[in-house]
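A short worksheet on the structure shown next.
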Amino acid sequence: MALKEILADIEKNREERLAYIRSQCAGELDNIAKLSTEELKTLQDDFNARLISDIDVNRRREHDSINMEKNSIILNRKTEIVNILMEHLASKLEELKKGKEYEDILSDSLIIAEKELGRDFIVNCSPEDFEFLKGKKKEINMKKDPSIKMGIICYSANAEKIIDFRIDRLFKEIKPELEARILENIGAN
15 MALKEILADI EKNREERLAY IRSQCAGELD NIAKLSTEEL KTLQDDFNAR LISDIDVNRR
75 REHDSINMEK NSIILNRKTE IVNILMEHLA SKLEELKKGK EYEDILSDSL IIAEKELGRD
135 FIVNCSPEDF EFLKGKKKEI NMKKDPSIKM GIICYSANAE KIIDFRIDRL FKEIKPELEA
195 RILENIGAN
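This note's numbering numbers the first residue of the sequence shown as 15 and each following residue consecutively.
If you want it as structure tokens, here you go:
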């Protein structure tokens with residue numbers, strides 16, 4: 015075998031080996047490209063799914079936040095309406111004193127006090143109401159109390175029992191129930 019043949023054989027083997035390596039590399043490159051494409055698609059699908067989930071969570075969070083703020087605004091407005099109505103009712107209490115209904119309230123208070131406290135009860139009243147009450151029952155022990163604006167406070171003879179018929183106190187007592195009813199009528203929630 016001549017050197018030329020040996021070199022040609024080596025060159026042929028080298029070319030065959032290079033062709034084989036190229037075919038192997040091309041196959042590996044195809045596999046790598048295929049796997050990369052599949053992994054890229056998986057990553058894109060995962061990313062899109064997370065993005066959709068995050069968008070949905072953020073949308074719900076914003077929706078809930080808007081609803082909470084809306085409900086807060088509505089509740090504040092309803093509370094404001096109730097407060098305005100309560101102030102209006104409180105201002106109307108002064109007008110009550112000018113009408114016959116107030117005299118009826120005082121008379122009814124005396125009747126209830128006599129039933130609950132006995133005949134010898136004591137009445138504390140405003141100086142303005144003193145004359146009216148004195149005309150109703152002359153035998154009642156009455157005292158003028160300038161701190162009382164409307165209504166009366168009655169004590170048993172031994173001062174163990176007290177019945178407070180002051181209009182402002184009675185109004186404060188029923189005020190929460192009135193507020194609740196008004197809120198119920200305008201829709202509390």
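We treat Cβ as the ideally placed atom computed from N, Cα and C, and that holds for glycine. Remember, predicted model here, so these are calculated numbers, not experimental data.
Next item on the list: Taking L209 as the reference, give the member of D70, L103, D68, S140 with the closest Cα.
Entry: What is shown of the chain runs 15 to 203, which leaves residue 209 out entirely.
Note to self: What does the alpha-carbon distance come out to for the pair R183 and G165?
What the structure shows: 9 Å
Check: So, helix, strand or coil for K163, using DSSP?
Finding: Correct three-state label for K163: coil.
Next item on the list: Could you tell me the distance, in whole angstroms, from the CA atom of E108 to the CA atom of S121?
Entry: If I take the Cα positions, the gap works out to 18 Å.
Margin query: Using the Cβ count rule (16 or more neighbours within 10 Å means buried), how would you classify Y34?
Written below: exposed
Check: Around the C-beta of R73, are 16 or more other C-beta atoms found within 10 angstroms, so that it is buried, or is it exposed?
Finding: Of the other Cβ atoms in all chains shown, fewer than 16 fall within 10 Å of the Cβ of R73; this residue is therefore exposed.
Next item on the list: Rounded to whole angstroms, what's the CA-CA distance from D23 to S37? Just pull it up for me.
Entry: Approximately 21 Å, taken between the alpha carbons.
Next item on the list: Would you mind stating whether S170 and F135 have Cβ atoms separated by less than 8 Å?
Entry: Against a cut-off of 8 Å, the Cβ pair of F135 and S170 comes out as a contact.
Check: Could you give the residue range of the beta strand (DSSP E) that holds D178?
Finding: 176 to 178
Item checked: Given 8 Å, three or more beta-carbon pairs between the stretch 175 to 182 and the stretch 119 to 133 -> Judged by Cβ distances under 8 Å, the stretch 175 to 182 makes contact with the stretch 119 to 133, as three or more pairs qualify.
Item checked: Range covered by the beta strand (DSSP E) that runs through N155 -> Where N155 is concerned, the enclosing beta strand (DSSP E) stretches over 155 to 158.
Notebook entry, point to check: For the stretch 27 to 90, which segments carrying the beta strand (DSSP E) assignment without a break, of at least 3 residues, lie completely within its bounds, in sequence order?
Noted result: If we require 3 residues or more, the stretch 27 to 90 turns out to have no beta strand (DSSP E) run fully inside it.
Note to self: Can you tell me where the alpha helix (DSSP H) holding N172 begins and where it ends?
What the structure shows: That residue, N172, is in no alpha helix (DSSP H); it is neither H nor E in DSSP.
Next item on the list: Use the C-beta contact count for F61: other C-beta atoms within 10 angstroms, 16 or more gives buried, fewer gives exposed.
Entry: With a threshold of 16 other beta carbon atoms within 10 Å, F61 falls short and is exposed.
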